[in-house]
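A.B. asks: Here it is, the structure in full.
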Amino acid sequence: MRRLRIRVVGVVQGVGFRPFIANLARRLGLGGFVLNDPDGVLIEVEGERAEEFLARMLNEKPPLAIIYSYEVQELMPRGEREFRIERSRKGGAFRVWILPDIATCEECLEELFNPEDRRYRYPFINCTHCGPRFTIIKDLPYDRPNTTMAKFKMCPLCLAEYENPEDRRYHAQPNACPRCGPKVMLRYGEEYREGEEAIRRTEELIREGKIVAVKGLGGYHLIADARNDRALAELRRRKRRPYKPFAVMYPDVITLQRHVLLPEGAMDLLRSPQAPILILRRKPAADEELAPSVAPDSPYLGVFLPYTPLHHILLSDLGFPIVATSGNISDEPIEYREPEVFSRLEGIADAFLYHDRPIERHADDSVLIFTSSKPIPARRSRGYVPLPILAPTDVGEMLALGSHMNVTFAVSRGKEIILSQHFGDMDGLRVREMYVKNLRDFIRLYAVKPRAIAHDMHPDYFTTTLAHDLAEEWGLPTVAVQHHHAHMGALMLEYGITEEVIAFTWDGTGYGPDGTVWGGEVLVGDGRDFRRVATLYPFRLPGGERAVKEPWRIALALLFEAYDDIPDFPLPDVPETSLKAVIRMLERGNLSPITTSMGRLFDGIGALLGMVKVSTHQAEAPQRLEAAAWGSREPATLAPMPLIEREGLIYVDWRPLVREILARRLRGESVEDLAMGFHRVIVESFAPIREAYPNLRAVCGGGVFLNGILSPAMEERMGCLLPRLLPPTDGGLPAGQAWVASHLLRR
Ligand SMILES: [Zn+2]
Ligand SMILES: [Zn+2]
Ligand SMILES: [Zn+2]
Numbered sequence: 016m017r018r019l020r021i022r023v024v025g026v027v028q029g030v031g032f033r034p035f036i037a038n039l040a041r042r043l044g045l046g047g048f049v050l051n052d053p054d055g056v057l058i059e060v061e062g063e064r065a066e067e068f069l070a071r072m073l074n075e076k077p078p079l080a081i082i083y084s085y086e087v088q089e090l091m092p093r094g095e096r097e098f099r100i101e102r103s104r105k106g107g108a109f110r111v112w113i114l115p116d117i118a119t120c121e122e123c124l125e126e127l128f129n130p131e132d133r134r135y136r137y138p139f140i141n142c143t144h145c146g147p148r149f150t151i152i153k154d155l156p157y158d159r160p161n162t163t164m165a166k167f168k169m170c171p172l173c174l175a176e177y178e179n180p181e182d183r184r185y186h187a188q189p190n191a192c193p194r195c196g197p198k199v200m201l202r203y204g205e206e207y208r209e210g211e212e213a214i215r216r217t218e219e220l221i222r223e224g225k226i227v228a229v230k231g232l233g234g235y236h237l238i239a240d241a242r243n244d245r246a247l248a249e250l251r252r253r254k255r256r257p258y259k260p261f262a263v264m265y266p267d268v269i270t271l272q273r274h275v276l277l278p279e280g281a282m283d284l285l286r287s288p289q290a291p292i293l294i295l296r297r298k299p300a301a302d303e304e305l306a307p308s309v310a311p312d313s314p315y316l317g318v319f320l321p322y323t324p325l326h327h328i329l330l331s332d333l334g335f336p337i338v339a340t341s342g343n344i345s346d347e348p349i350e351y352r353e354p355e356v357f358s359r360l361e362g363i364a365d366a367f368l369y370h371d372r373p374i375e376r377h378a379d380d381s382v383l384i385f386t387s388s389k390p391i392p393a394r395r396s397r398g399y400v401p402l403p404i405l406a407p408t409d410v411g412e413m414l415a416l417g418s419h420m421n422v423t424f425a426v427s428r429g430k431e432i433i434l435s436q437h438f439g440d441m442d443g444l445r446v447r448e449m450y451v452k453n454l455r456d457f458i459r460l461y462a463v464k465p466r467a468i469a470h471d472m473h474p475d476y477f478t479t480t481l482a483h484d485l486a487e488e489w490g491l492p493t494v495a496v497q498h499h500h501a502h503m504g505a506l507m508l509e510y511g512i513t514e515e516v517i518a519f520t521w522d523g524t525g526y527g528p529d530g531t532v533w534g535g536e537v538l539v540g541d542g543r544d545f546r547r548v549a550t551l552y553p554f555r556l557p558g559g560e561r562a563v564k565e566p567w568r569i570a571l572a573l574l575f576e577a578y579d580d581i582p583d584f585p586l587p588d589v590p591e592t593s594l595k596a597v598i599r600m601l602e603r604g605n606l607s608p609i610t611t612s613m614g615r616l617f618d619g620i621g622a623l624l625g626m627v628k629v630s631t632h633q634a635e636a637p638q639r640l641e642a643a644a645w646g647s648r649e650p651a652t653l654a655p656m657p658l659i660e661r662e663g664l665i666y667v668d669w670r671p672l673v674r675e676i677l678a679r680r681l682r683g684e685s686v687e688d689l690a691m692g693f694h695r696v697i698v699e700s701f702a703p704i705r706e707a708y709p710n711l712r713a714v715c716g717g718g719v720f721l722n723g724i725l726s727p728a729m730e731e732r733m734g735c736l737l738p739r740l741l742p743p744t745d746g747g748l749p750a751g752q753a754w755v756a757s758h759l760l761r762r
């Protein structure tokens, strides 16, 4: 006979943890109690099988519960035989975790498609194990009046479920049914329909090749038949998105399996509560069965499965894959609110399928690249945000603001770093407004009192200005963190490393302390400090930002450095006058910042191989270069880049490589083979630098590592740790900033 007190810390509230504990204890014949308190969940169990209880609690916990830590204390038995769920204890600061939105669970799905069930085909079915969370919470604690469900009064049947500790819907805050809950509506020109009629009509429109804006969990999708090339070409025209691949949502796993290669674990991830988009390698059947406009020229396909009841109903009725892409105007944030959405997407969507459960804050779909043995997150948003990442050392209360691209922010307390959802690039006014609004909202929700605001070193970023403005408003210090140090920090905290590492930090743009644009850096350091041990041989960006949009300018800049006289090479469609103007720019060095960026080197090589002259979206040239490489039959063996040492810094000299690639291309060698050769020689050339630090662990950070060929090669050849939890892009940057800033403050 033993009595144990178990204190559980983690994501254990609002996930069905207490009913689970009560059931388990009763099955094992134990007495005692369970309750929620500010620290998490407190349990006392008494009986002969108390030990077994502990083991099974850890093994069998509800799918959404995450246990960060637990403590066990032995107490004197009291002869208690009954087990009860006690009232929550209040008081003190709540260490609460807001849950992400969760894909519809199996049990709800069964009810959804059961004609006998009272929620048959009800698009808002949910329970404690699934449904909206993050996108409906207005305030804490997480109770119905504090959500956007407040305006729906539960009917007696729903209320009975909600109040019954034995029920799957016990304290499921968004609980609803057709009698008392939200409903769907369709607007198509003058036409207006509700409920089942709205759904059936939407399906007709999709079959006819129309584009429908459909309200999901964290915002609107634009939806069209993935087999209908005319519909998709029209969607591309209206969205002004000529090339960037669309994601495809599948009605079932069988069709999906026919279209993409699934590494081990990929199917589980697709069907997980997070239900992200996975970028996978496509199979020939996808070319035959999907419209070419889904993902032109790409060896990959972004796929996902329905994750809300509404998606499940639509897809199961349609029976064919649909394109489901973010409902926004190019470069604008995702739309999530009526009535603005109607006017903003008017020129893009033919019809709107929406509902009356408001979205409190947006969350885009999350995206992971899964083209080798393990996935790399490209965008961490719906399903993952706002679960905290645990740092290896105490960060304290902090706010960190990211950079300028793929922007997110982070708030922290103790060792927990909570990274926000994805916002996109900070150029537009609306993105900025949404960013500031959400940031203030997070600070309020989590009741965080930051001791400092961390930001990028770049003096002109919007986020830098914002950091200073907020710091003044709140009377706080600011901490500038070097861009690539923050990338390195993000990897270190992801892997819980505190000692020195060697970090390959490769991206498009990061402000260097010397005022140049960094991005092909090898750093050695830790949370406190770093030194730059190697970089790319520098080159110019003729026209600055314009060079980023027009990679042919970078190709020219590479040739300018690599040759005394720039040789003739085919650059179709670039007018002679533009070429001359750029060469003049390079000669004078005006409007041409110096860079060591790996992303830009990929841009330049991509243009040199004729992949892309002008980019229509971020990282288009590198993506096309990677796509070409997959088509390689006999990868070109290229000579590794020589290393030049100057004042203690190693320059990886790409100039001979550029000369070799151009010469071999002019000789008629295949672009695909050269593209693959280029990927390989990058890894080979940097290997000696890694080998000079055999005792350090190596990490890779920066957007360049979204590459499905480069990253696995870095892992294999150099034993590099790759980003698995946080995106390697600037989307993961604030986590690194917060962690590094906590070290800088200590200094
Ligand atoms: Zn459910
Ligand atoms: Zn009801
Ligand atoms: Zn970066």
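If you read the sequence shown in this note's numbering, its first letter stands for residue 16, the second for the next number, and so on.
The C-beta atom is built at its ideal place from N, Cα and C for all residues, glycine as well.
Going along the chain, which residues of its own chain have a beta-carbon closer than 6 angstroms to the beta-carbon of Arg-216, five neighbours each way excluded?
C.D. replies: Leu-201, Arg-208, listed in sequence order.
A.B. asks: Starting from the C-beta of Arg-615, find all residues in its chain whose C-beta is less than 7 angstroms away, skip the five residues before and the five after it, and write them out in chain order.
C.D. replies: Counting only Cβ-Cβ distances below 7 angstroms, and skipping sequence neighbours, we find Gly-523, Gly-534, Leu-556, Ile-569.
A.B. asks: For a test of your reading of the model: does the CB of His-144 fall under 7 angstroms from any non-hydrogen atom of ligand 1? Yes or no.
C.D. replies: Result yes, Cβ under 7 angstroms from ligand 1.
A.B. asks: Does the beta carbon of Glu-212 fall short of 7 angstroms from some heavy atom of ligand 1?
C.D. replies: Result no, Cβ not under 7 angstroms from ligand 1.
A.B. asks: From the DSSP output, which residues share a beta bridge with Arg-661?
C.D. replies: Leu-664.
A.B. asks: How big is the Cα-Cα spacing for Asp-116 and Pro-401?
C.D. replies: In a straight line, the C-alpha of Asp-116 is about 9 angstroms away from that of Pro-401.
A.B. asks: If you compare alpha carbons, which of Trp-521, Gly-411, Val-537 is closest to Leu-711?
C.D. replies: Nearest of Trp-521, Gly-411, Val-537 to Leu-711, Cα basis: Val-537.
A.B. asks: On the three-state DSSP scale, how would you describe Phe-48?
C.D. replies: In this structure, Phe-48 counts as strand in the three-state DSSP scheme.
A.B. asks: Looking at the unbroken alpha helix (DSSP H) that takes in Lys-452, where does it start and where does it end?
C.D. replies: Taken as a continuous stretch (DSSP letters only), the alpha helix (DSSP H) holding Lys-452 covers 444-460.
A.B. asks: Is the stretch 414-428 touching the stretch 184-192 in the sense that three or more CB pairs, one from each, lie closer than 8 angstroms?
C.D. replies: No: the two stretches stay apart, fewer than three of their Cβ pairs being nearer than 8 angstroms.
A.B. asks: Check whether the Cβ atoms of Ser-381 and Pro-291 lie closer than 8 angstroms to each other.
C.D. replies: In contact: Ser-381 and Pro-291 (Cβ atoms closer than 8 angstroms).
A.B. asks: How about Ala-228 and Leu-360: are their beta carbons less than 8 angstroms apart?
C.D. replies: Cβ distance < 8 angstroms, so Ala-228 and Leu-360 count as in contact.
A.B. asks: Report whether the distance from the Cβ of Asn-141 to the nearest heavy atom of ligand 1 is below 7 angstroms.
C.D. replies: Within the cutoff, so yes.
A.B. asks: With C-beta atoms as the reference, is Val-268 less than 8 angstroms away from Leu-295?
C.D. replies: No, the pair does not count as a contact, with Cβ atoms beyond the cut-off.
A.B. asks: Quick check: does the Cβ of Leu-172 come within less than 7 angstroms of any heavy atom belonging to ligand 2?
C.D. replies: Yes - ligand 2 has a heavy atom lying nearer than 7 angstroms to the Cβ of Leu-172.
A.B. asks: Answer yes if the stretch 123-130 comes into contact with the stretch 73-93, meaning at least three C-beta pairs across the two stretches below 8 angstroms, and no otherwise.
C.D. replies: Touching, no.
A.B. asks: How would you write the range of the alpha helix (DSSP H) that Ser-726 sits in, first residue to last?
C.D. replies: Ser-726 -> alpha helix (DSSP H) spans 725-733.
A.B. asks: Quick check on Thr-479: buried or exposed, where buried means 16 or more other Cβ atoms within 10 Å of its Cβ?
C.D. replies: Thr-479 should be labelled buried.
A.B. asks: Beta carbon of Ile-164: closer than 7 angstroms to some heavy atom of ligand 2?
C.D. replies: What sits at residue 164 in the sequence shown is Met, not Ile. Not so, every heavy atom of ligand 2 lies at least 7 angstroms from the Cβ.
A.B. asks: Three or more C-beta pairs closer than 8 angstroms, one from the stretch 598-607 and one from the stretch 560-579: is that the case here?
C.D. replies: Flag = yes, the stretch 598-607 and the stretch 560-579 touch.
A.B. asks: Exposed or buried, what is Gly-490 when buried is set at 16 or more other beta-carbons lying within 10 Å of its beta-carbon?
C.D. replies: Exposed: under 16 other Cβ atoms inside 10 Å.
A.B. asks: In angstroms, rounded to a whole number, what distance separates the CA positions of His-632 and Lys-259?
C.D. replies: Roughly 7 angstroms separates the two Cα atoms.
A.B. asks: For Gly-716, list the residues DSSP reports as bridge partners.
C.D. replies: DSSP, once it has assigned bridges, lists Thr-520 as partnering Gly-716.
A.B. asks: Rounded to whole angstroms, how far is the Cβ of Ser-103 from the Cβ of Leu-50, which I believe are closer than 8 angstroms?
C.D. replies: Yes, they are in contact, since the Cβ atoms of Ser-103 and Leu-50 sit about 6 angstroms apart, within 8 angstroms.
A.B. asks: Report the option in Leu-721, Val-26, Glu-121, Gly-62 whose CA atom is closest to the CA atom of Ala-80.
C.D. replies: Cα-wise, what sits closest to Ala-80 is Val-26.
A.B. asks: In the DSSP assignment, the beta strand (DSSP E) including Gln-88 goes from what residue to what residue?
C.D. replies: Unbroken beta strand (DSSP E) run through Gln-88: 81-90.
A.B. asks: For Lys-230, does the three-state DSSP call read helix, strand or coil?
C.D. replies: Looking at Lys-230 - three-state DSSP - the assignment turns out to be strand.
A.B. asks: Run through DSSP, which three-state label would His-470 get?
C.D. replies: Of the three classes helix, strand and coil, the one that applies to His-470 here is strand, per DSSP.
A.B. asks: Closest by CA to Pro-474, which one among Arg-466, Ile-659, Thr-531, His-502?
C.D. replies: Answer by Cα proximity: Thr-531.
A.B. asks: Where does Ala-366 fall in DSSP's three states?
C.D. replies: Strand, per DSSP.
A.B. asks: With 16 other CB atoms within 10 Å as the buried threshold, where does Asp-580 fall?
C.D. replies: Exposed, since its Cβ has fewer than 16 Cβ neighbours within 10 Å.
A.B. asks: Taking buried to mean at least 16 other C-beta atoms within 10 Å of its own C-beta, is Pro-53 buried or exposed?
C.D. replies: By the 10 Å Cβ count, Pro-53 comes out exposed.
A.B. asks: Could you check whether Ala-518 and Val-755 sit closer than 8 angstroms to each other, using their CB atoms as the reference points?
C.D. replies: Not in contact: Val-755 and Ala-518 (Cβ atoms no closer than 8 angstroms).
A.B. asks: For Val-446, which residues in the same chain have their Cβ closer than 6 angstroms to its Cβ, ignoring the five residues on either side in sequence?
C.D. replies: Only Pro-348, Phe-438, Gly-439 meet the Cβ criterion.
A.B. asks: Am I right that Val-463 and Val-426 are in contact with their C-beta atoms under 8 angstroms? What's the rounded C-beta distance?
C.D. replies: Right, the Cβ-Cβ distance comes to about 5 angstroms (below 8 angstroms), so this counts as a contact.
A.B. asks: Quick check: is any heavy atom of ligand 1 less than 7 angstroms from the C-beta of Phe-524?
C.D. replies: Looking at the sequence itself, residue 524 is Thr, so the reference to Phe does not match. Answer for Thr-524: no, Cβ out of range of ligand 1.
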